[in-house]
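Counting in my numbering, the sequence shown runs from 463 upward without gaps. Each residue gets a CB set at the ideal place from its N, CA and C atoms; glycine is no exception. Here the structure comes first, spelled out in C-alpha cells, and everything after it is commentary.
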Amino acid sequence: MKHSAPLVLKPEMTLDQEQSELLLADLETILDSSDFDVGRKCFVIWQRVQDWAGQAVSGQPCISLRERLEMIGREEQPDETQKARLIRAIVFQALERNLDSDLRVGSFSTTLSLIADIARLGWNWGSVKFSELGETYLGVSALAAIELDEIGVSMEEELTDRLGQILDEGHWLSIGALKGSAIPGLYVAMADLYVRAAAVQSDRKAANRDDLARGLEALERTVGHCAERLARLSGQGLASIILDNLMQRPAIVASLTRLGRK
C-alpha cells in the first residue's frame, strides 16, 4: 500500500512508522487471502485495526495476524442480519438525502420521510427509490429474493479489487483509521444492495453481469471515487453516530459484511 506516514488511528493516537508499516502489510495480506470471502475480509480488516489500537493503548505486543485469522476462522458470529440491514439503511438514506452538506436539520416532514425510508429498508417492507438507478420505486422484499450465484465469482473479484483501491487511495484514513476501518464493510454491504436493486429494476430473479456493472456504477456515483463521499459523511453527523457506536461492535460489523451471503 502507498501510505508511508505514521497512521493516525484517532486524535491523540498515532502508530509509529514501524507499526504503521506492519499494519499496512497486514491489510495487504488480508486482501490477498483465499481463506475468506470479500465480506469477511472487510471484517478482518476492521478487527486488525482494532488489534493495533489495543496495542497502542496497552503497550503490549500485538496479537499476530496468523493468530487473529485462526481465531476468526473458528468463531461463529451471531445472526444479527436485521440490525445490519438497519445500519445499512441509515447510511444509504443518509447518502441519498445529502447529509454530508452543511444543512443537517430539515423540516419535520423531511425528517419523518427519512425515518420512514430507513424503516422500510431496514425492516424489509414497502418500497424505496435508488436515485442513481432512476426514479422507479423498488419493492424492498424483492431485494433479498435476488439470487447472486451466477455472478458470485465476478462480484467477489470486482469488490476485492475495489477494496484494494479504497485502501490505497486513503480517504478512509482521513477520519482516522479506527473509524475508517468500517468503511470497507459499509461499501461491500451497499454494493450487495445496489446489485440486487439493479436486478429488481430489470425484473430478474437472478442478477447477471449487466446488473453487476450497473449496480456498481450507481454505487460509485453515490459514494464517490474510492468511497470518498462515504468517508466524508462517516466523519460527521448521523453516520458518525453509527461508526462511533454500532460499528465498534464486532457482531454488528461481522453481520453487516455477511448480508446476502450464506
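Cβ pair count under 8 Å reaching 3, the segment 484-492 against the segment 646-660
no
Short check: CB of Cys-688 to CB of Ile-637, under 7 Å?
no
Once the 5 residues before and after Leu-485 are set aside, which same chain residues still bring their CB inside 6 Å of it?
Trp-514
What residue does the alpha helix (DSSP H) around Gly-535 start on, and which one ends it?
527-536
May I have a chain-ordered list of the alpha helix (DSSP H) segments no shorter than 4 residues that lie completely inside the segment 649-720?
671-685, 690-696, 699-706 and 712-718
Return the bridge partner residues of Gly-601 from the DSSP annotation.
DSSP lists Ser-589 as partners of Gly-601.
Could you have a look at Lys-731 and say whether DSSP puts it in helix, strand or coil?
This structure leaves residue 731 out entirely; the chain is present only between 463 and 724.
To the nearest angstrom, how far is the alpha carbon of Val-715 from that of Ile-645?
Spanning the two alpha carbons is a distance of roughly 10 Å.
Residues in its own chain within less than 6 Å of Arg-683 by CB, not counting five upstream and five downstream?
Only Glu-594 meet the Cβ criterion.
Please classify Asp-564: does DSSP put it in a helix, a strand, or coil?
Here Asp-564 scores only 46 on pLDDT, less than 50, and its place in the model should not be relied on; the value that follows carries that caveat. Three-state result, Asp-564: coil.
Quick one, are the C-beta atoms of Lys-472 and Leu-640 less than 7 Å apart?
Yes; because the gap between Cβ atoms is below 7 Å, this pair is in contact.
According to DSSP, Thr-491 sits in a beta bridge with which residue or residues?
For Thr-491, which the question treats as bridged, DSSP gives no partner whatsoever.
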